[in-house]
Each structure stands twice: as structure tokens, then as C-alpha cells.
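Okay, so here's the structure we're looking at.
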């Protein structure tokens, strides 16, 4: 491995979707992973260092799945570009193939082999294949294909050593160029003699020609030269591609006939029996909504215990620091500014973790793929397709990766419609807001001693988002005139036990991103809010304090009440008070006072900031109070009405507002990047804000 240690050796993990690539990636790299960007690639790919023996200089790249080198979606284009691009081409490829779908998956393998890139064939899910009665001779396949071949189980990672050994072998002995082509290319046209094709294999030339629009390292002049050559030679790319795939498929069948033995008679597989119910046109949707109900009931109920513990620890921490440090503005900044704001977010980590956990289990078992299948027919009526449901369900976690997942939709207008409606799905960032407002407005009681009323309201908000998303999808169908049909082809993988380590790593990563990204924003905003709420123009602050002292003297109030009135009057005269009162009239029809209005504005950075804002503002009013966030907010008063600031009408109005409003700068930025224009993000922002505003107004007036 001396040669390898001199420079970085880059290995791409490639294969069909659902072949087990990500599991292998996690086993090979552990937690030593990062997100990487490549030239011409808009999708973020994962990279990780191989953590084994002398292979520390090897970088593993996890790529999106594809079926062949003729991509039909943006995710597939990313992988093709990575492999054929001179600037990003890997030094070797680990091809992960599902043993239960070997015939179809080896077609892509044969294409990669003819690119003469060093290859390792890793056959996964062999345990499932054996259960089906199929025996695969791994040594025979290795001999037939003339590449290192290992049998792996992505669920246990026990074969990590075999993969490392194979990588070491191909890294030391780069003899891929000497391998014969998988199929005879003699019937294919001679490729043009351009400089870009120097030192390329014959099949690599053809692959570049077929993907000329997708390879970012090609210049406009080179693409134009290829187009002119195709025109002169009367090349028919589609016909050539079909002919090639058929030739490769026939060759793969011949090889597998020698190395794979199947039992002639098998009992009906567990998957087939289960699919009779789970993909049924009636029972399938019913089961899905039951599962969804259980998920959100569990998220709300199970998370309450760790949330209570975090809330208690935060309160102890605040009080401990106040006792430890002297009375000073720095102490107040730490406790009432930073800790109140950030503490208002970390309390919701358990709920977010449980949500990602359930989504991870549904994906890893193979059930989520069935969901896309059973809802395809329904979603087409709204101008979407089955792949849209992946984005919509992913939107329950976060709109940003959900919007990115829409790249698998090949129909341009269906993709745009999916991107525009996905933010209506209630993401994890809404969860803290929902939890606080539901706790303030809805009693914590059980119906029939089973169903938590607060949990039912939570589920209703999620379903409401789905309904409104579909309504707008239908409107977009009419506006965009979605008439072009997109063929929906999907492979239903075998059901399998969830891979808990992979799910744990995913949950850890998502929670980490959520906490750190949101935490940075909230910390900055909390400090800014604390400053704006504690300081103001000198004359205004002095006048406010004087009025407060006058009222205290006249009413002969207790010290506790006096401190509250002074803090309240000074808050009203502060910079944040001035700003809130300036824009308060715009939100008064919704029942919001100036403090809630400030929360609406600051939460545009990220929805969850609303909780931190409320925590900071009301912590200032209740500096002497050792109660939790919810208790503080339940005591808050609307200065205009003298009533509670969070009455049932106000709380429900806020729930509806946050259910529909965009309130996320990051999502808008992603939409702009995906649509390559500011037109659609602006349309999205205006539409969602208008719908949120008038819906919240209607709810407030109806309940008042």
C-alpha cells in the first residue's frame, strides 16, 4: 500500500437504488463522514474516510443510486457526472448489488466495467436470497467477471474486512485497463476524434457522447462538436442505447445461468403475502394512515418524559448560574438571553429524534417504497406522481432534503409542483411551536383512556397540511397545465428488519444538523433580542421606569409585583417594544400583541426561533420566576385586552398561521437553487403568507 499512502485514493460506492449502498458506507466510514460538493453537482454527496488498518488515506464517496449510465433524473445525473467527469472521476468503484435482483443490477455493473475503472463487486442481501431458495456461487461470479467479488451483509457489517482487502488489492494492482470489454462494441459507430477522447476506452467515449449534456467538464464547444458529428453520421442515440442494454442483459443472463442455482418450487414469499395487504388499493392507504397515527401519537407521548427532564435541568441550570454569578448584565444575558432562547429549542430534541427514528424505520424496512406505489394513482389526479409522496413524507422531517428528493421526478412540471407544495407539510421545525401552543390551548386528557387529545390535535395539523398541499397541487395542475404523462416505474424491495446502526447514525446526524444549525441562528437572535428588549432610548427607558415606580407607590404593591411591573414597562419602552408596536396593527386582526408579532418576524429565520423569542421576551417579564416556558407563557397577558396573551382563539390562530406560513429562509434558498429562479420562491412565500394570514384570522374570529 505504499503507492496508496502517497496520495488520496477515492472510491465511489455505486449501485441501483435500495441495493444497500448507504449501509455499507456507514460500516466502512463509521462517524468519520462529511458532506462534499463537486464541480457541476448541485446535490450534496457524502464522503468518509475508511477506518481500517493502513487504508486511512482512502476516501469513500456515497453516490445516488441509478439503473444504467443513461440517467433520467437529477439524482442519477449526479452519479454519472461524478464517474465520467475528468475532475471528479474516482480511482475505483465498489459496486453494491442486491442478490435478489442480480440479473437487472449487473447491467449497470457491466457498463462500469467497460469504463475500465477498477471495480469491486459487493453482493448484498444474500441472506434474503437464500431464504428465497437462491444460491449464488460468489467464487464463480468472480471468475466469470474477472473482478474481486465479496459477499456482504450491510445489516451487520461483519464483512468490512473483506471489502477492505478487495480495495487494497485493486489499489495496489490497477490492471483494469487490461480487461476485455464485457460486450463487443464492433457494431457501434466510430467515435469522433476530439481531444477530449484521448486516452479513453471505446465505451467511455460512447458514454461521454450519450451524456454530453450532463458532464460539467465538457465545454460548450466540445458539446457542439459532438452534436455536429452525430448529425453528420446520422447517429440515433436512443436506438443505440436500447441495443446496448439488450446485449448486456443477454450476456448477464448467460453468466448468471452458470453461477446461480434456484429451487424450482418455493413457498410463497413473506413479502408477497404482506404486499397483498400493504399495497392493496383500499387496505394499503388505511394501513398507512394507521401507521402515521401511531407514529405521531408515539412522538407526542414518548417524548414527554425526556422533554420534562430537559426542562427541569434547564431550569436548575438557570437558577444555579443566577446564584453562582453576581447580579450583573452579563449574568442576565447568559440566563435570560442565551439560555432562555437555546433552552427553548433543545427541549424539543426528543420529539425530533423520535420523528426521524420512525421515518428511518419505515424507509429501512422497505415500507416507504410501497407508500409511493399505493399513492401514485391518487396523486396523479392532483398533478403529482408516486415519487412526490417521498418528498411529502420527508417534508414531515425537513422541507430542505424533501425538496432535494424531488430530483427523482423526471417530469419537469410534476417536479415543480412537488417543490412548491412540500413546505405545506408540517416539518420538525414546526414541532416546538405546535407543542408549546397545543400545551397552552388543549387540555392534556385522554379519550377512551387511549388517545391523547393533544396528540389528536397534533395529528390533525399534520393532516391539514397534507390536505392543503393537495389542494394547491390541483390548482398548480390547472395553472401549469400538467398534461404530459410521466411513466412511474419503481422496484419494490424485499421487506427486511431495520438496520438499527444505520438508523441511529441517520437520527444522530439529523438531530445534530437541526440543533447546530438552528442553535446558531437562535443563539444570535436570542442575544440580539435580549439586547433589544433590555435597552432603549435613554429618555423612554427612564420615563417608563418612573411611571412604573409611581404606579407601585400608589398601589402599595409587593416587591415581586413591583419588579414585574418595572420590567414590563421597560420592555415596552425598549427597542424591541418600539418595533413590535410599530407592526402590531398588521397582526391585531389575528389577536396577536406586539410580543407575538416580534416572534412572528424573528421566526422567519427559522420557525423554531418563535419559541426561543417567546422564551426570551417572557423570561424578561418573569425574571424572578423559576417556572418552565409553558408556565411562563400561560401567565403572559395581552396589554391591550388585559386577558391572557395565549387564549384558545389566539393559540389556535397561531397554530394555523405556522401550519401554513413559509417562515423559513433556508427553504426559500433551496427552492431558488432547485428552480434556478427567484420567481417561484417569491410566489411560494407570498402565497403561503397570504393563506396563513387569512386562515389564522378566520380561526381567531370564529373562536372568539
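Residue numbers (my numbering): 4 to 707.
The C-beta atom is built at its ideal place from N, Cα and C for all residues, glycine as well.
#### Entry: Straight-line gap, residue 87 to residue 208 (C-alpha atoms, nearest Å)
10 Å
### Query
Looking at the structure shown, is residue 294 part of a helix, part of a strand, or coil, going by DSSP?
The answer is helix: DSSP assigns residue 294 an H, G or I state.
### Message
I need the boundaries of the beta strand (DSSP E) containing residue 657, first residue and last residue.
### Response
Note, residue 657: premise wrong, no beta strand (DSSP E); alpha helix (DSSP H) at 651-663.
### Query
Taking DSSP as the reference, what is the three-state secondary structure of residue 12?
strand
### Message
On the criterion of 16 or more Cβ atoms from any shown chain inside 10 Å, does residue 286 qualify as buried, or is it exposed?
### Response
Here residue 286 is exposed, its C-beta having fewer than 16 other C-beta atoms within 10 Å.
#### Entry: Straight-line gap, residue 575 to residue 551 (C-alpha atoms, nearest Å)
11 Å
### Message
Taking the alpha carbon of residue 523 as the reference point, which residue from 305, 599 and 342 has its own alpha carbon closest?
### Response
Distances from the alpha-carbon of residue 523 to those of 305, 599 and 342 put 342 closest.
### Query
Hey, residue 441 and residue 457: beta-carbon distance below 9 Å or not?
yes
#### Entry: Euclidean distance between Cα positions of residue 51 and residue 349
When rounded, the distance between both Cα atoms is 28 Å.
### Query
Anyone know if the C-beta pair for residue 19 and residue 101 falls short of 9 Å?
yes
### Query
Should the region 410-426 be called in touch with the region 88-99, which here means at least 3 C-beta pairs below 8 Å?
Not touching, per the Cβ criterion.
### Query
Which residues does DSSP pair with residue 113 in a beta bridge?
The partner list for residue 113 (beta bridge, DSSP) is empty, contrary to what the question assumes.
### residue 436 beta carbon less than 9 Å from that of residue 661
yes
#### Entry: Residues near residue 387 in its chain [Cβ-Cβ closer than 7 Å; skip 5 each side]
For residue 387, where only same-chain residues beyond five positions count, the Cβ hits under 7 Å are 417, 420, 421 and 476.
### Query
Where do the ends of the alpha helix (DSSP H) carrying residue 357 lie?
352-367
### Query
Who does residue 123 pair with in a DSSP beta bridge?
97
### Task
State the beta-bridge partners of residue 52 as determined by DSSP.
62
### Query
With DSSP run on the structure shown, which of helix, strand or coil describes residue 287?
Here residue 287 sits in helix by DSSP.
### Query
Is residue 12 closer than 9 Å to residue 62 when the C-beta atoms are compared?
Taking 9 Å as the Cβ cut-off, residue 62 and residue 12 qualify as a contacting pair.
#### Entry: Closest residue to residue 365 among 340, 397 and 338 (Cα-Cα distance)
397
### Message
Can you give me the C-alpha to C-alpha distance between residue 584 and residue 324, rounded to a whole angstrom?
### Response
Roughly 33 Å between the two C-alpha positions.
### Task
Evaluate the contact criterion for the region 373-383 versus the region 440-455: three or more CB pairs, one atom per stretch, below 8 Å.
no
### Task
Please name the residue in 140, 94, 307 and 315 whose C-alpha comes closest to that of residue 123.
94
### Message
Assuming residue 510 and residue 356 are in contact, meaning their beta carbons sit under 8 Å apart, how far apart are those beta carbons, in whole angstroms?
### Response
Indeed they touch by this definition, with Cβ atoms about 6 Å apart.
### Task
Provide the residue(s) that pair with residue 152 in DSSP beta bridges, ordered along the chain.
124
#### Entry: Option nearest residue 655 by Cα separation, candidates 461, 518, 336 and 201
461
### Assigned secondary structure, residue 204 (DSSP; H/G/I helix, E/B strand, else coil)
coil
#### Entry: residue 138, DSSP secondary structure in three states
strand
### Task
May I have the straight-line CA-CA distance separating residue 297 from residue 459, to the nearest angstrom?
11 Å
### Task
Return the residue from the list 198, 508, 500 and 603 that minimises the CA-CA distance to residue 30.
Closest in alpha carbon position to residue 30, among 198, 508, 500 and 603, is 508.
### Query
Taking just the CA atoms, how far does residue 335 sit from residue 394?
So the two alpha carbons sit approximately 43 Å from each other.
### Query
Whose C-beta lies closer than 8 Å to the C-beta of residue 304 among residues of the same chain, with five residues either side of it excluded?
455 and 458
#### Entry: Proximity below 9 Å, CB of residue 529 to CB of residue 468
no
### Query
Under a three-way DSSP split, which group does residue 756 fall into?
No answer is possible for residue 756: the residues shown for the chain start at 4 and end at 707.
### Query
In the structure shown, what three-state DSSP assignment does residue 455 receive?
Collapsing the DSSP output to three states places residue 455 in a strand.
### Task
In the DSSP assignment, find the unbroken alpha helix (DSSP H) run with residue 253 in it and report its ends.
240-262
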